[in-house]
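Heads up: the sequence shown begins at 956 in our numbering, then just goes up one per residue.
Built from N, CA and C at the ideal position, the CB exists for glycine as well.
Notes to accompany the following structure.
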Amino acid sequence: MAIAAIWILEEFLRGRYPFGGYPWARIAFSQADSPLAFWSRLGGVPWLSFMVVVIAIATVGIFVISARRVKVALALLIAASFVVPMALSNFSESQSSQAENAIAIGVVQGGTPQIGLGAMDVRRAVLENHVEQTIELAQRVQRGEVQQPDVVIWPENSSDLDPFKDADAAVLIDQAAKAIGVPILVGAVVDSATDPQNEVYNMGIMWDPISGPGDTYIKNAPVPFGEFIPFRSILTQLISRYERVPRDFAHGTEPGIFTINGVILGDLICFEVAVDPVVNTVISEGAQVLVVQTNNATYAGSALPEQQLNIERLRAIEYDRTMIVAATTGISAHILPDGSVNPILKDGEVGSFVVAVTPQTNLTPAARFGPFVELLLCAIAVGTLAFIPIRRRRGINS
956 MAIAAIWILE EFLRGRYPFG GYPWARIAFS QADSPLAFWS RLGGVPWLSF MVVVIAIATV
1016 GIFVISARRV KVALALLIAA SFVVPMALSN FSESQSSQAE NAIAIGVVQG GTPQIGLGAM
1076 DVRRAVLENH VEQTIELAQR VQRGEVQQPD VVIWPENSSD LDPFKDADAA VLIDQAAKAI
1136 GVPILVGAVV DSATDPQNEV YNMGIMWDPI SGPGDTYIKN APVPFGEFIP FRSILTQLIS
1196 RYERVPRDFA HGTEPGIFTI NGVILGDLIC FEVAVDPVVN TVISEGAQVL VVQTNNATYA
1256 GSALPEQQLN IERLRAIEYD RTMIVAATTG ISAHILPDGS VNPILKDGEV GSFVVAVTPQ
1316 TNLTPAARFG PFVELLLCAI AVGTLAFIPI RRRRGINS
């Protein structure tokens, strides 16, 4: 238990330091298809990581510890670690609390003309692709092939042209919104209001077909060395690739909350879905459906889109929320609260879909107590690390 707690302390620190941390490789995120996944709903992602490590260490213990009673105890612990979440998952499904008003959400995956580091170099073409797919979706609605959505989600970077300054970009987005007849949550790169020469915003903009741009969300947790460069003046002289990030993405401070027809959407941009404080905040602010806007074009064809999908699936389980994912090149998906996925636009596909979503209003134990569970496990780890040298010193003195 102590070793597993130390593992959680490592994940806690790595997920926050330095420069905001690197949380997306946590061991819990490997468990979306595992019977253990439901532990995340009980105690959050940190508790799931803890249980995975406990099982691993207990398994080793069975082989290296000679005492038969200990072997039996460890085997029972491993068995209980699988049986308990499987049993409680059935009970939890009957306790879910659904809002009365359902919502139809459309997703557009427009694609990019190229992938890799230069995926977003042709910015207007990327925007035009998403406009084209939205107009095609509107035509499918008119033909009765899909239902009329209440809102449409575009991915992160669907408009790298600032629609507040580029009139042509604004016209294109407005054209798409008018065609579909409902607001579009646009993922845009927007010049900073305070320091446009050095900073930009990674922003979600709710674009109304009548009134135009409305509520916005600025990404709270931009990625260090990808969206902002620490020690920029030094590193840009040493690493020429950082020239591709000429301006830093500023940190937003307000949660991504949008309300459509009385339903509260919690917006997360790209790998913010792996950042506990950001996700916890939108849930505590009342998010009934989680939305992820992401751009994986830089990593298209790699394992990253699938990795992110599994993180999103685990978050859906953890918070008992439907999750809607819109990606530029994939993977766009409709993820149910049990982690299952349907429908899906795969990596490299273009197109759209519309799904009916039932908002959830309940707060899972993870939403209520997950952060405290993590702090408790970290406290146990610190206490263990502090106790080891004390015990050694006592042993030497004796």
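So, at 6 Å on beta carbons, what are the nonlocal neighbours of residue i in its own chain, with the 5 sequence-adjacent residues on each side left out?
i	result
M1161	P1138, L1140, G1169, D1170 and F1213
P1260	N1251, G1285, I1286 and D1302
A957	T1339
So, using beta-carbon positions, are residue i and residue j closer together than 7 Å?
i	j	result
F1204	P1177	yes
V1328	W994	no
A1255	T1284	yes
N1112	G1065	no
V1228	V1247	yes
G1136	P1118	no
V1309	V1101	yes
R996	A1321	yes
Y1156	I1173	yes
H1085	V1063	yes
L1092	S1307	yes
G1181	D1222	no
R1268	G1294	yes
T1253	A1282	no
L1031	A1013	no
According to DSSP, is residue i helix, strand or coil?
i	result
E966	helix
S1295	coil
Q1094	helix
M956	coil
H1206	coil
Y977	coil
D1146	strand
L997	helix
T1067	coil
V1039	helix
L1082	helix
T1253	helix
Excluding the five sequence neighbours on either side, which residues of its own chain have a C-beta within less than 7 Å of the C-beta of residue i, listed in chain order?
i	result
P1185	F974 and P1179
S1044	F993
I963	P1001, S1004, F1005, E1329, L1332, C1333 and A1336
Out of the options, point me to the one whose CA is closest to residue i's CA.
i	options	result
P1292	T1191, K1301 and I1272	I1272
L968	R981, E1100, G999 and A957	R981
P1040	G1016, S989, A1011 and V1019	S989
F1005	Y972, A1124 and L991	L991
V1126	G1167, D1146 and I1108	G1167
A960	I1060, I1343, P1344 and L1330	L1330
A1059	I1224, E1087, V1007 and A1311	A1311
P1151	A1124, K1120 and A1132	K1120
Can you find the residues in the same chain that come closer than 8 Å, C-beta to C-beta, to residue i, ignoring five residues on each side of it along the sequence?
i	result
G1325	G998, G999, V1000, P1001, W1002, D1231, N1235 and E1273
N1056	N1216, G1217, V1218 and P1314
N1153	S1147, R1202 and D1203
Check whether the Cβ of residue i sits closer than 6 Å to any heavy atom of the ligand MN, and report yes or no.
i	result
A1336	What this structure holds is no ligand at all, so the ligand MN is not there to describe.
field: Ranges of the beta strand (DSSP E) found wholly within the region 1158 to 1237, counting only runs of at least 3
entry: With a minimum length of 3 residues, the continuous beta strand (DSSP E) runs that stay inside the region 1158 to 1237 are 1167 to 1173, 1212 to 1215 and 1218 to 1224.
Within the region 1101 to 1148, note down every full alpha helix (DSSP H) run reaching 4 residues or more, in order along the chain.
-> Runs of the alpha helix (DSSP H) inside the region 1101 to 1148: 1122 to 1135.
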